[in-house]
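Some notes on the structure that comes next.
Numbering (my numbering), first residue to last: 11 to 202.
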(Lines of atoms letter the chains of each structure in order from A and count residues from 1; the text may use other names and numbers.)
(Lines give C-alpha, C1' and ligand atoms only; values in the text may rest on other atoms or scores of the structure.)
Protein backbone atom coordinates (compact mmCIF):
# COMPACT_ATOMS: atom_id res chain seq x y z
CA UNK A 1 0.00 0.00 0.00
CA UNK A 2 1.37 3.42 -0.98
CA UNK A 3 2.12 5.94 1.74
CA UNK A 4 -0.24 8.91 1.80
CA UNK A 5 1.13 12.11 0.31
CA UNK A 6 2.47 14.30 3.12
CA UNK A 7 2.68 17.55 1.19
CA UNK A 8 0.45 19.91 -0.73
CA UNK A 9 1.08 19.67 -4.47
CA UNK A 10 -0.31 23.20 -5.09
CA UNK A 11 1.92 24.63 -2.34
CA UNK A 12 4.99 22.84 -3.72
CA UNK A 13 4.15 24.04 -7.23
CA UNK A 14 3.73 27.63 -6.02
CA UNK A 15 7.07 27.50 -4.17
CA UNK A 16 8.77 26.18 -7.30
CA UNK A 17 7.05 28.83 -9.43
CA UNK A 18 8.42 31.61 -7.22
CA UNK A 19 11.90 30.12 -7.27
CA UNK A 20 11.97 29.77 -11.08
CA UNK A 21 10.49 33.26 -11.39
CA UNK A 22 13.18 34.76 -9.16
CA UNK A 23 16.19 32.77 -10.38
CA UNK A 24 15.28 31.40 -13.80
CA UNK A 25 15.53 27.80 -14.95
CA UNK A 26 19.29 27.46 -15.33
CA UNK A 27 20.22 29.11 -12.02
CA UNK A 28 17.77 26.94 -10.07
CA UNK A 29 19.31 23.69 -8.86
CA UNK A 30 17.51 20.56 -7.73
CA UNK A 31 18.76 21.29 -4.21
CA UNK A 32 17.16 24.74 -4.42
CA UNK A 33 13.88 23.15 -5.51
CA UNK A 34 13.95 20.54 -2.75
CA UNK A 35 14.63 23.22 -0.15
CA UNK A 36 11.94 25.60 -1.47
CA UNK A 37 9.24 22.97 -1.87
CA UNK A 38 10.09 20.84 1.16
CA UNK A 39 9.83 17.75 -1.04
CA UNK A 40 12.15 14.80 -0.97
CA UNK A 41 13.88 13.96 -4.23
CA UNK A 42 11.69 10.88 -4.68
CA UNK A 43 8.49 12.88 -4.05
CA UNK A 44 9.53 15.57 -6.52
CA UNK A 45 10.27 13.01 -9.23
CA UNK A 46 7.13 10.97 -8.47
CA UNK A 47 4.87 14.03 -8.47
CA UNK A 48 6.36 16.19 -11.21
CA UNK A 49 8.79 14.00 -13.16
CA UNK A 50 11.91 16.15 -12.83
CA UNK A 51 13.22 19.68 -12.93
CA UNK A 52 12.05 20.50 -16.48
CA UNK A 53 8.59 19.06 -15.91
CA UNK A 54 8.26 20.94 -12.62
CA UNK A 55 9.37 24.10 -14.43
CA UNK A 56 6.73 23.61 -17.15
CA UNK A 57 4.03 22.97 -14.54
CA UNK A 58 5.13 26.08 -12.60
CA UNK A 59 5.20 28.15 -15.79
CA UNK A 60 1.72 26.94 -16.74
CA UNK A 61 0.42 27.81 -13.25
CA UNK A 62 1.94 31.28 -13.59
CA UNK A 63 0.48 31.76 -17.07
CA UNK A 64 -2.98 30.75 -15.86
CA UNK A 65 -2.83 33.01 -12.79
CA UNK A 66 -1.53 36.06 -14.66
CA UNK A 67 -3.84 35.47 -17.62
CA UNK A 68 -6.82 35.66 -15.26
CA UNK A 69 -5.55 38.95 -13.82
CA UNK A 70 -5.02 40.31 -17.35
CA UNK A 71 -8.54 39.37 -18.49
CA UNK A 72 -10.13 40.65 -15.28
CA UNK A 73 -8.35 44.00 -15.48
CA UNK A 74 -9.25 44.52 -19.13
CA UNK A 75 -12.90 43.74 -18.41
CA UNK A 76 -13.20 46.37 -15.65
CA UNK A 77 -14.47 49.75 -16.81
CA UNK A 78 -14.11 51.50 -20.13
CA UNK A 79 -11.36 50.31 -22.45
CA UNK A 80 -8.96 53.25 -22.02
CA UNK A 81 -9.20 53.16 -18.23
CA UNK A 82 -8.74 49.38 -18.19
CA UNK A 83 -5.62 49.60 -20.34
CA UNK A 84 -4.18 52.37 -18.19
CA UNK A 85 -4.96 50.44 -15.01
CA UNK A 86 -3.18 47.37 -16.39
CA UNK A 87 -0.02 49.22 -17.40
CA UNK A 88 0.09 51.39 -14.28
CA UNK A 89 -0.22 48.24 -12.18
CA UNK A 90 3.03 46.95 -13.72
CA UNK A 91 4.84 50.02 -12.41
CA UNK A 92 2.97 50.13 -9.08
CA UNK A 93 3.73 46.50 -8.23
CA UNK A 94 7.43 46.66 -9.08
CA UNK A 95 8.24 47.25 -5.40
CA UNK A 96 6.17 44.28 -4.20
CA UNK A 97 8.39 41.26 -3.53
CA UNK A 98 6.28 38.95 -5.68
CA UNK A 99 6.50 41.22 -8.71
CA UNK A 100 9.99 42.70 -8.31
CA UNK A 101 11.34 40.13 -10.76
CA UNK A 102 9.18 41.29 -13.66
CA UNK A 103 6.97 38.91 -15.59
CA UNK A 104 8.01 35.27 -15.35
CA UNK A 105 6.82 34.66 -18.91
CA UNK A 106 8.91 37.52 -20.32
CA UNK A 107 11.94 36.41 -18.29
CA UNK A 108 11.60 32.85 -19.52
CA UNK A 109 10.99 33.99 -23.09
CA UNK A 110 14.43 35.59 -22.92
CA UNK A 111 16.14 32.75 -21.04
CA UNK A 112 14.58 29.62 -22.50
CA UNK A 113 13.45 30.44 -26.04
CA UNK A 114 16.87 30.10 -27.65
CA UNK A 115 17.20 26.49 -26.45
CA UNK A 116 13.71 25.16 -25.72
CA UNK A 117 11.24 25.28 -28.62
CA UNK A 118 8.36 24.04 -26.44
CA UNK A 119 8.74 26.91 -23.97
CA UNK A 120 9.23 29.36 -26.84
CA UNK A 121 6.05 28.13 -28.56
CA UNK A 122 3.97 28.41 -25.37
CA UNK A 123 5.16 31.89 -24.53
CA UNK A 124 4.98 33.32 -28.05
CA UNK A 125 1.44 31.93 -28.30
CA UNK A 126 0.64 33.76 -25.04
CA UNK A 127 2.08 37.00 -26.44
CA UNK A 128 -0.02 36.59 -29.60
CA UNK A 129 -3.16 35.83 -27.57
CA UNK A 130 -2.46 38.81 -25.33
CA UNK A 131 -2.04 41.08 -28.35
CA UNK A 132 -5.33 39.80 -29.76
CA UNK A 133 -7.10 40.53 -26.46
CA UNK A 134 -5.54 43.99 -26.42
CA UNK A 135 -6.73 44.56 -30.00
CA UNK A 136 -10.27 43.60 -28.98
CA UNK A 137 -10.28 45.99 -26.02
CA UNK A 138 -8.81 48.76 -28.19
CA UNK A 139 -11.52 48.20 -30.83
CA UNK A 140 -14.11 48.32 -28.05
CA UNK A 141 -12.56 51.57 -26.85
CA UNK A 142 -12.64 53.05 -30.33
CA UNK A 143 -16.32 52.14 -30.63
CA UNK A 144 -17.22 53.59 -27.23
CA UNK A 145 -14.99 56.65 -27.68
CA UNK A 146 -12.56 56.07 -24.81
CA UNK A 147 -9.76 55.26 -27.29
CA UNK A 148 -9.58 58.10 -29.80
CA UNK A 149 -6.69 56.85 -31.94
CA UNK A 150 -7.73 55.88 -35.48
CA UNK A 151 -4.82 53.48 -35.88
CA UNK A 152 -5.69 49.83 -36.44
CA UNK A 153 -6.44 48.04 -33.15
CA UNK A 154 -3.99 45.23 -33.87
CA UNK A 155 -1.22 47.73 -34.68
CA UNK A 156 -1.78 49.48 -31.34
CA UNK A 157 -2.04 46.13 -29.57
CA UNK A 158 1.32 45.01 -30.98
CA UNK A 159 2.87 48.25 -29.69
CA UNK A 160 1.38 47.69 -26.22
CA UNK A 161 2.49 44.06 -26.24
CA UNK A 162 6.10 44.91 -27.08
CA UNK A 163 6.05 47.74 -24.52
CA UNK A 164 4.70 45.30 -21.91
CA UNK A 165 7.73 43.06 -22.42
CA UNK A 166 10.10 46.01 -22.22
CA UNK A 167 8.49 47.33 -19.04
CA UNK A 168 8.80 43.92 -17.43
CA UNK A 169 12.50 43.73 -18.28
CA UNK A 170 13.03 47.19 -16.76
CA UNK A 171 11.09 46.20 -13.63
CA UNK A 172 13.37 43.18 -13.22
CA UNK A 173 16.40 45.41 -13.72
CA UNK A 174 15.19 47.71 -10.92
CA UNK A 175 14.64 50.76 -13.12
CA UNK A 176 13.61 54.01 -11.48
CA UNK A 177 9.86 54.24 -10.94
CA UNK A 178 9.66 57.75 -12.43
CA UNK A 179 11.24 56.41 -15.61
CA UNK A 180 8.68 53.62 -15.78
CA UNK A 181 5.76 56.00 -15.07
CA UNK A 182 6.99 58.33 -17.79
CA UNK A 183 7.26 55.46 -20.27
CA UNK A 184 3.71 54.31 -19.50
CA UNK A 185 2.39 57.85 -19.94
CA UNK A 186 4.09 58.12 -23.35
CA UNK A 187 2.88 54.66 -24.33
CA UNK A 188 -0.74 55.37 -23.43
CA UNK A 189 -0.66 58.63 -25.39
CA UNK A 190 -0.77 56.41 -28.48
CA UNK A 191 -4.39 55.60 -27.60
CA UNK A 192 -5.47 59.28 -27.73
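The beta carbon of each residue, even a glycine, is placed where N, CA and C say it ideally should be.
Since this is a predicted model, take the numbers as computed values, not measurements.
Item: Could you tell me whether the stretch 96–104 touches the stretch 17–25, where touching means 3 or more Cβ pairs closer than 8 Å?; Value: no
Item: Look at the alpha carbon of residue 185 and the alpha carbon of residue 179, and state the distance between them as a whole number of angstroms.; Value: 9 Å
Item: Quick check on the DSSP output: the alpha helix (DSSP H) that includes residue 57 runs from which residue to which?; Value: 51–58
Item: Could you check what DSSP says for residue 193 in three-state terms: helix, strand or coil?; Value: helix
Item: Please classify residue 195 as buried or exposed, where buried requires at least 16 neighbouring CB atoms within 10 angstroms.; Value: exposed
Item: State yes or no: is the C-beta of residue 163 within less than 8 Å of the C-beta of residue 145?; Value: yes
Item: Near residue 189, what residues of its chain come up, given a Cβ to Cβ distance below 6 Å and the 5 sequence neighbours on each side ignored?; Value: none
Item: Residue 133 lies in the alpha helix (DSSP H); which residues open and close that run?; Value: 127–154
Item: Near residue 123, which residues of its chain fall below 6 Å by C-beta distance, leaving aside the five closest residues on each side in sequence?; Value: 130
Item: By Cβ distance below 8 Å, which residues in the same chain neighbour residue 85 in space, the five residues on each side in sequence not counted?; Value: 92
Item: Check the Cβ-Cβ distances between residue 78 and every residue of chain D, and say whether any is below 8 Å.; Value: Here chain D cannot be found, since the structure has a single protein chain.
Item: Are there 16 or more other CB atoms within 10 angstroms of the CB of residue 27, so buried, or fewer, so exposed?; Value: buried
Item: If you measure between the beta carbons of residue 66 and residue 43, is that distance less than 8 Å?; Value: no
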